[in-house]
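Undergrad: After the C-alpha cells below, expect a handful of questions from me.
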Amino acid sequence: MAVAAERPGFGLRRGLVAYLLLVPGIAWLLVFYAWPTIQMFFISLQEGSLERGYQLTWHWATYGDVFSKYSTQLIRSVGYGLIVTVACLLISYPLAYFIAIYGGRWKNALLFMVILPFFVSFLIRTLSWKFILADNGLFLGTIKQIGLLPDDFRLLATPIAVISGLIYNFLPFMALPLYASLEKLDRSLLEAAQDLYSSRAVAFLKVTLPLSLPGVFAGSLLTFIPAMGDFINPALLGGPNTTLIANVIQRRMLISNDYPEGAAISFILMAAILVGVAVYAKLLGTEELTG
Amino acid sequence: MGDEMIRRFGGTPRRLSRREALVQMGRGSTYLGVMSLLAACGVRGTQTQPSPTAASPSPLPEKAGELRVANWPLYIDLEGGKSPTLNAFKKQTDIDITYKEDINDNDEFFGTDLRQQLAAGQPTGWDIVTMTDWMIAKLARLGWIQPLHHEVLPNATANLDPKFQDAYFDPGRQYSFPWAAGITGIGYNKKLTGRPITSLNDLFDPAFKGKVGMFSEMRDTINFALFQLGIKPPENATMDDIERAVDLLIKQRDDGIVRAYYGNDYTDQLAEGNLALTMAWSGDVNFLKLDVPELEFVVPEEGGNRWTDNMAIPIQAEHPTDAHEWIDFVYQPDIATRITEWVWYESPVAGVQELIQEHAKEDRSLRPVANSELVWPSEDVLANTYGYKILSEEEEQAWHDLFDPLIQG
Amino acid sequence: MSTRAGEVVGERQLLREPPPGRRRSKGRGWILPLYTGLVIAYLFLPIAVMILFGFNDLKGRFNFTWQGFTLRHYRDVLQFQELTLALRNSLLIAAVTTLVATVLGTLVALALTRYRFRGRGGTNMFIFLPMATPEVVLGASLLAFFLTLGLPRGLLTILIAHIMFTISFVVVTVKARTHGFNREWEEAAKDLGATPWVTFWTVTFPLIFPGIMAAAALAAALSIDDYVVTAFNAGQTSTFPLWVFGASRFGVPPQVNVMGTIIFVAGVALALATVAIQRRQGGAAQPPAVS
Chain A
4 MAVAAERPGF GLRRGLVAYL LLVPGIAWLL VFYAWPTIQM FFISLQEGSL
54 ERGYQLTWHW ATYGDVFSKY STQLIRSVGY GLIVTVACLL ISYPLAYFIA
104 IYGGRWKNAL LFMVILPFFV SFLIRTLSWK FILADNGLFL GTIKQIGLLP
154 DDFRLLATPI AVISGLIYNF LPFMALPLYA SLEKLDRSLL EAAQDLYSSR
204 AVAFLKVTLP LSLPGVFAGS LLTFIPAMGD FINPALLGGP NTTLIANVIQ
254 RRMLISNDYP EGAAISFILM AAILVGVAVY AKLLGTEELT G
Chain B
81 MGDEMIRRFG GTPRRLSRRE ALVQMGRGST YLGVMSLLAA CGVRGTQTQP
131 SPTAASPSPL PEKAGELRVA NWPLYIDLEG GKSPTLNAFK KQTDIDITYK
181 EDINDNDEFF GTDLRQQLAA GQPTGWDIVT MTDWMIAKLA RLGWIQPLHH
231 EVLPNATANL DPKFQDAYFD PGRQYSFPWA AGITGIGYNK KLTGRPITSL
281 NDLFDPAFKG KVGMFSEMRD TINFALFQLG IKPPENATMD DIERAVDLLI
331 KQRDDGIVRA YYGNDYTDQL AEGNLALTMA WSGDVNFLKL DVPELEFVVP
381 EEGGNRWTDN MAIPIQAEHP TDAHEWIDFV YQPDIATRIT EWVWYESPVA
431 GVQELIQEHA KEDRSLRPVA NSELVWPSED VLANTYGYKI LSEEEEQAWH
481 DLFDPLIQG
Chain C
289 MSTRAGEVVG ERQLLREPPP GRRRSKGRGW ILPLYTGLVI AYLFLPIAVM
339 ILFGFNDLKG RFNFTWQGFT LRHYRDVLQF QELTLALRNS LLIAAVTTLV
389 ATVLGTLVAL ALTRYRFRGR GGTNMFIFLP MATPEVVLGA SLLAFFLTLG
439 LPRGLLTILI AHIMFTISFV VVTVKARTHG FNREWEEAAK DLGATPWVTF
489 WTVTFPLIFP GIMAAAALAA ALSIDDYVVT AFNAGQTSTF PLWVFGASRF
539 GVPPQVNVMG TIIFVAGVAL ALATVAIQRR QGGAAQPPAV S
C-alpha cells in the first residue's frame with residue numbers, strides 16, 4: 004500500500020486520522036461490550052448461589068470442571084462449525100462468483116434476493132423447515148411412498164437437520180463478503196489469466212481464488228464464529244444428541260441459574276474461537292488480511 | 081517481586097526513573113481501584129438481604145392508575161385482536177393496563193426478567209407475574225414476591241374454589257392466587273399408536289422408538305420417571321430416587337425411544353405426526369383436537385402432574401395496589417367465565433363451570449368447554465395427579481446437575 | 289501476493305464486461321445461472337411455505353396443518369395490536385441500528401485497512417470478540433451493566449445492544465472490500481487539487497459502496513431477527529421476534545405469515561425496481577474498476 008512517505012506532514016495527519024476513525028466504533032464496543040464482558044469474566048470466578056450470595060473467590064476450578072463436563076459438546080460445536088463453513092463456502096462461491104462477475108445490471112437485485120429471506124424472522128423460516136422436513140410431509144412422505152427410504156427414517160431431530168439448518172442460516176454470511184471481494188476484481192485480469200493458463204480451472208486457482216481470499220477469509224469468519232455459537236437450530240431442529248455448546252450455556256445460565264459455570268463455558272468458547280481465528284489467519288498467510 | 085529476584089541473584093535492582101515510577105503508581109492505584117471494584121463484584125445473597133416484607137405485608141400505597149401484567153400466551157380472551165376482559169377492567173377500575181404475553185417458560189422469564197433485577201434490588205417493571213406453582217414457591221423462598229393483602233381481595237377470597245385453597249406451594253395463599261390450572265399427561269395420536277394409550281409404560285415402549293416426546297422441563301419429566309418407578313407422591317423422593325429416575329430416563333434416551341425433549345414446541349410435532357405420543361398439557365391437546373381429531377389426551381394410570389399458574393406481585397413492584405385490583409377483578413365469576421370460555425383451561429373461580437354450562441345451552445360452540453373432562457377433571461382423575469416437590473436451593477442445583485446432562489448429551 | 293496483482297492499470301480496466309468478440313466466456317453460460325437460480329430457489333423454499341400458510345383457513349387455534357384457502361388474514365393483518373406494535377418497533381430498531389452500526393463499523397474498517405497504527409493487530413482481534421461471544425452472555429452481561437447504571441430497559445437499551453453486536457459484522461464485511469485498496473485513484477484526485485474530504489466522497493466512497501451495502505444489509509437482518517439479547521434487555525417493549533417466539537407454541541398466527549409475506553414481496557419489488565432503474569440509466573453507472 005502506497006503510503007505517501009515522502010510527505011512527512013501528510014503521514015502524521017494520517018496517523019491521527021486513523022484514531023479518529025476508530026474512536027466512535029471502538030468506544031461503543033468498549034463501553035457496551037468490553038466492560039460488561041469483563042464483569043462476566045469475574046462472575047465466572049465467583050462461587051455461591053442466589054440465597055447465599057456470590058463471592059469472588061477466584062475459583063479457577065470452574066474452568067477445569069467445564070472442560071471435562073462439556074468436552075463432547077465443545078468438540079461437536081467445532082465439528083459442526085467446520086462442516087457448515089466448508090459447505091457454505093462451496094455453495095456460496097459459485098453463487099457469489101456468478102452475481103459479481105456476470106450479474107451485470109442484475110447484480111444488486113440478485114444480491115438482495117440472497118439476503119431477503121433473512122429479513123423474515125428466523126423462527127418463521129425454521130418452523131417452515133420443520134414443516135418441510137416432517138417425517139411424512141411433502142418431501143419425505145413422497146420419497147417414502149416411492150420406497151426409496153424406510154418408513155421410520157426421519158430428518159428432524161437428527162444432526163443432518165441441524166447442520167442443514169445452520170447451512171441455510173449462514174449462506175448469506177458467506178455469500179455477501181465473497182461477493183464484496185469478487186465484485187471488485189479486475190475483469191481484464193481474469194481475461195489475462197484465461198489467456199495465460201491452459202484451462203479455466205487453473206486460471207481460477209491461480210488468479211481468481213487468491214484474489215478473492217479476503218472475501219473467503221471474511222466469509223469463513225462470519226460463518227464459523229456465529230455457527231459455533233448457534234443454539235436455535237439445535238433447539239428447534241435437533242434431538243438429544245445434537246446439543247451444541249451454546250445450548251449448554253443457555254441452559255446453565257438461564258434455566259439452572261448457574262452464572263459462574265455458564266460464564267466459564269462462554270469464555271472457553273471465545274478462547275477457542277480466537278485461537279482458531281489466529282491459526283486460520285496464519286494459514287492463509289494473511290497478517291495483511293486481518294488488517 | 082522482580083527486585084527480590086534480582087537481589088537474590090546478587091544484582092542491584094535498577095532504580096526507577098521518574099517516568100517509570102509514575103507509571104508504577106498509576107498501575108498500583110488502578111490495581112487498588114480494580115480490586116475494590118471487584119470486591120464490590122460479589123452479590124449479596126437473598127438470605128443475607130433484609131427482607132422488605134416481614135410477617136405482615138407492608139402497607140399499600142395509593143392507587144396509581146397504571147398496571148403491568150405478564151402472562152402466558154393465549155391465556156386471556158381475545159376477540160378481533162382485542163381482549164374484552166382487559167377493556168372491561170379498564171372501564172371498571174380506570175386503570176391503564178399493559179398486558180404482555182411475555183412468559184414462555186418459568187425459568188426463562190425468571191432468568192431474563194426477574195433474577196438480575198431483583199438481586200440488584202431494582203424494580204422489574206412488572207406488577208403481576210403469572211408463574212407456575214413451583215416457581216411461586218421458589219420466588220417466595222427467595223423473598224422476591226410480596227405477601228398479599230387479603231382484605232382488599234373480597235372477590236378472590238370469597239370465590240376461590242375450595243380445591244385451590246390449600247396450596248402446598250403457598251400455604252394460606254399468602255403470596256398468590258391461581259389464574260388457571262391444568263394437568264400434564266400424555267397426548268397421543270390414536271391412528272399412529274394403533275391403540276389407546278393408558279400408561280407411562282407406553283412412553284418407554286420400544287415399539288414407539290423415535291416417536292416419543294418428553295419435556296425438557298425438569299420437574300414434569302422427573303415426576304413421570306418417579307411415577308414409573310412407583311415413587312409417589314413426589315415429595316417423598318430422596319436423592320437416590322432421583323438418581324434412579326434419571327437413570328431410567330437415560331436408558332429411554334439411549335435406546336432411541338425419545339425423539340427429543342420439547343418445551344412449548346411439542347404441539348406442532350404432535351400435530352404433524354412426527355410424534356406418536358408425548359408428554360402434553362391438557363388444554364393444548366383440547367385445542368389440537370379441533371384440527372387433528374385423532375389426537376387424545378390421557379392421564380397415565382401411574383399418575384399425572386397437576387399444576388396451577390398463579391398471579392403474584394414481585395417485590396419492588398411500582399403499582400401493587402392496582403395489582404391487587406387486577407387479582408380481585410378476574411375473580412368475578414362472569415369475568416372468569418368469559419376468560420375460561422376462550423382459554424379452555426380450568427378456572428380456579430367457583431361456579432364457572434356451571435355458568436359455562438348455562439351459556440352452552442344457547443351457544444353450541446361452548447359444549448366442549450362446558451363438559452370436557454380435560455377442563456374440569458373429576459375427583460377420580462385428580463386423585464391420580466400430583467404436584468411438584470418443593471426444592472431447596474441445594475436440591476434444585478443437585479437435580480439440575482443430574483437432569484441437564486440427560487437432555488443435553 | 290494479492291495486492292501486486294491488483295495494481296495493473298490498463299485500458300481494459302475501464303470495462304466491466306468482457307469485450308465483444310470474446311465468445312469463450314459466454315459459451316459455458318448456462319451452468320452458473322442455473323446454479324444461481326437453484327440456490328435462490330432453495331433459499332426461498334421456507335419463504336414459500338410461510339407465504340402459503342398466510343392463506344391457511346384455520347378452524348382452530350393452530351397454524352400447523354393446511355386447512356383451506358382464505359384471504360381473510362390479509363384483511364385482518366393488523367388485528368393483533370401487540371403484533372403490529374412489535375413489528376413497528378423491530379423495523380424502527382433495525383433502521384436505526386443499521387444506520388449507526390454501518391457508519392461506526394465502516395469508519396473502523398477504513399482505519400484498520402488503510403492506516404498503520406499502534407494497536408492495529410489488537411484491534412483486529414478485539415473486533416472478533418462480540419461475534420464469538422454467546423448471545424446469552426451478551427444479553428445477561430449487558431443487563432447487569434444497565435442495572436448498575438440504573439438505566440430502565442426499553443427501546444434505548446435494545447438499540448444500544450443491537451448496535452453493539454452488529455458493529456463487528458459490519459467491520460468484517462467492509463474490510464473484505466477495502467482490503468488492498470489501491471490508493472492511486474485517490475492520489476490522482478489529490479494531485480488534481482481535491483481536498484481529502486472531496487476525495488473521499490467522489491472516489492473512495494463509491495468504490496467501497498458495495499461493501500458498505502452488503503454490511504448494512506447484514507446488520508439489518510441481524511437486528512430484525514435478534515431474540516436472546518433483546519429478551520434480556522427489552523423490559524416491557526415488544527419486538528417482532530419476541531412476540532413471534534411467544535406465539536409459536538400454537539403455531540405462528542397467520543397474521544405473522546402475512547406480515548412476513550408483505551415484507552418479502554416488498555423486498556423483491558425493491559430489488560426488481562433497482563434493476564429497472566439501472567436499465568433506464570443506460571447500463572452500469574458504476575465507477576471504473578479499481579482493485
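Chains as they are written, first to last, in my numbering: chain A, 4 to 294; chain B, 81 to 489; chain C, 289 to 579. Built from N, CA and C at the ideal position, the CB exists for glycine as well. The structure displayed is predicted, hence computed values, not measured ones.
Have a look at Phe620 (chain C) and Pro498 (chain C) and give me their C-alpha separation to the nearest angstrom.
TA: Residue numbering for chain C in the displayed model covers 289 to 579; residue 620 (chain C) lies beyond these limits and cannot be assessed.
Undergrad: Excluding the five sequence neighbours on either side, which residues of its own chain have a C-beta within less than 7 Å of the C-beta of Leu280 (chain B), listed in chain order?
TA: If we look at Leu280 (chain B) and ignore the five residues flanking it on each side, its Cβ neighbours are Phe304, Phe307, Gln308, Pro380, Glu382.
Undergrad: Give me the Cβ distance between Ile183 (chain B) and Ala150 (chain B), rounded to the nearest whole Å; I'm assuming they're in contact under 8 Å.
TA: With 8 Å as the limit, Ile183 (chain B) and Ala150 (chain B) qualify as a contact, their Cβ atoms being about 5 Å apart.
Undergrad: Between which two residues does the beta strand (DSSP E) harbouring Glu50 (chain A) extend?
TA: Its beta strand (DSSP E) spans residues 49 to 52.
Undergrad: For a cutoff of 8 Å on Cβ pairs, would you count Tyr341 (chain B) as touching chain A?
TA: yes
Undergrad: Using only the alpha-carbon positions, how far apart do Ser492 (chain C) and Leu159 (chain A) sit?
TA: According to the sequence displayed, residue 492 (chain C) carries Thr and not Ser. One C-alpha to the other measures close to 48 Å.
Undergrad: Interface residues of chain C around Glu352 (chain B) at Cβ under 8 Å?
TA: Phe352, Thr353
Undergrad: Less than 8 Å between C-beta atoms, sequence neighbours within five positions excluded: which residues of the same chain meet that for Glu459 (chain B)?
TA: none
Undergrad: My output table needs one value for Arg404 (chain C): the three-state DSSP class, helix, strand or coil.
TA: coil
Undergrad: Measure the C-alpha to C-alpha separation of Arg408 (chain C) and Thr386 (chain C) and round it to an integer number of angstroms.
TA: If I take the Cα positions, the gap works out to 25 Å.
Undergrad: So, Met211 (chain B) versus Asn366 (chain B), is the Cβ gap smaller than 8 Å?
TA: no
Undergrad: Which residues share a DSSP beta bridge with Ala260 (chain B)?
TA: B:Asp389
Undergrad: Identify the contact partners of Leu222 (chain B) in chain A, using a Cβ-Cβ distance below 9 Å as the criterion.
TA: Leu53, Glu54
Undergrad: From the DSSP secondary-structure annotation, give me the bridge partner or partners of Arg363 (chain C).
TA: Bridge partners of Arg363 (chain C): none, in fact.
Undergrad: Could you check if Gln172 (chain B) is buried or exposed, using at least 16 other CB atoms within 10 Å of its CB as the buried criterion?
TA: Gln172 (chain B) comes out exposed.
Undergrad: Along the alpha helix (DSSP H) that carries Thr610 (chain C), what are the first and last residues, could you check?
TA: As shown, chain C starts at 289 and ends at 579. That puts residue 610 (chain C) outside it, with no answer to give.
Undergrad: Quick check: what's the CA-CA separation for Ser313 (chain C) versus Asn344 (chain B)?
TA: Caution is warranted here: a pLDDT of 47 is assigned to Ser313 (chain C), below 50, making its placement in the model unreliable, and the coordinate value is therefore given only provisionally. Between Ser313 (chain C) and Asn344 (chain B), the C-alpha separation is close to 54 Å.
Undergrad: Less than 8 Å between the CB atoms is what I'm expecting for Ile216 (chain B) and Asp250 (chain B), so what's the real figure, rounded?
TA: 6 Å
Undergrad: Would you verify that the beta carbon of Asp491 (chain B) is, or is not, closer than 8 Å to some beta carbon of chain A?
TA: For chain B, the structure presents residues 81 to 489; residue 491 (chain B) sits outside this window and is missing.
Undergrad: With distances taken from CA atoms, which of C:Ile339, C:Val396, C:Lys347, C:Pro422 is nearest Val123 (chain A)?
TA: C:Ile339
Undergrad: Please name the residues in the stretch 27 to 45 of chain A whose beta-carbon is closer than 7 Å to at least one beta-carbon of chain C, in chain order.
TA: Of all residues in the stretch 27 to 45 of chain A, Pro27, Gly28, Ile29, Trp31, Leu32, Phe35, Tyr36, Trp38, Pro39, Thr40, Gln42, Met43 have a Cβ within less than 7 Å of some Cβ in chain C.
Undergrad: Is Arg441 (chain C) close to chain B, meaning its C-beta is less than 8 Å from at least one C-beta of that chain?
TA: yes
Undergrad: Measure the C-alpha to C-alpha separation of Thr126 (chain B) and Gln58 (chain A) and round it to an integer number of angstroms.
TA: Their Cα atoms are separated by approximately 13 Å.
Undergrad: On the CB-based measure, 16 or more other CB atoms within 10 Å of its CB, does Lys209 (chain A) come out buried or exposed?
TA: exposed
Undergrad: Under 8 Å: do the stretch 161 to 172 of chain B and the stretch 358 to 373 of chain C share three or more Cβ pairs, one atom per stretch?
TA: Yes: the two stretches touch, three or more of their Cβ pairs being nearer than 8 Å.
Undergrad: So which residues on chain C does Ala200 (chain B) lean against when the C-beta distance must stay under 7 Å?
TA: Leu435
Undergrad: The alpha helix (DSSP H) spanning Phe528 (chain C) covers which residue range?
TA: 528 to 535
Undergrad: Over what stretch of residues does the beta strand (DSSP E) that includes Lys180 (chain B) continue unbroken?
TA: 176 to 180
Undergrad: What distance in whole Å lies between the Cβ atoms of Ala504 (chain C) and Ser184 (chain A), which are believed to be in contact at a cut-off of 8 Å?
TA: Contact doesn't hold; Cβ gap of about 17 Å is too wide.
Undergrad: Residues of chain B with a CB under 9 Å from the CB of Gly539 (chain C): which are they?
TA: Taking a Cβ-Cβ cut-off of 9 Å, the neighbours of Gly539 (chain C) in chain B comprise Thr347, Asp348, Ala351, given in sequence order.
Undergrad: Touching or not, the stretch 233 to 240 of chain A and the stretch 163 to 174 of chain A, by the rule of three or more beta carbon pairs under 8 Å?
TA: Using a Cβ-Cβ distance cut-off of 8 Å, the stretch 233 to 240 of chain A and the stretch 163 to 174 of chain A are in contact, since at least three pairs of beta carbons, one from each stretch, lie closer than that value.
Undergrad: For Leu43 (chain B), which residues from the same chain have a beta carbon less than 7 Å from its beta carbon, with the 5 sequence-adjacent residues on both sides left out?
TA: The question about residue 43 (chain B) has no answer, for chain B in this structure spans 81 to 489.
Undergrad: If you draw a straight line from the C-alpha of Ser223 (chain A) to the C-alpha of Ile118 (chain A), how long is it?
TA: 17 Å
Undergrad: Tell me, please, whether the stretch 403 to 422 of chain C touches the stretch 211 to 218 of chain A by the rule of three or more beta-carbon pairs shorter than 8 Å.
TA: no
Undergrad: Does DSSP classify Thr401 (chain B) as helix, strand or coil?
TA: helix
Undergrad: Who are the neighbours of Asp187 (chain B) on chain A, taking C-beta pairs under 7 Å?
TA: What Asp187 (chain B) touches in chain A: Leu257, Ile258.
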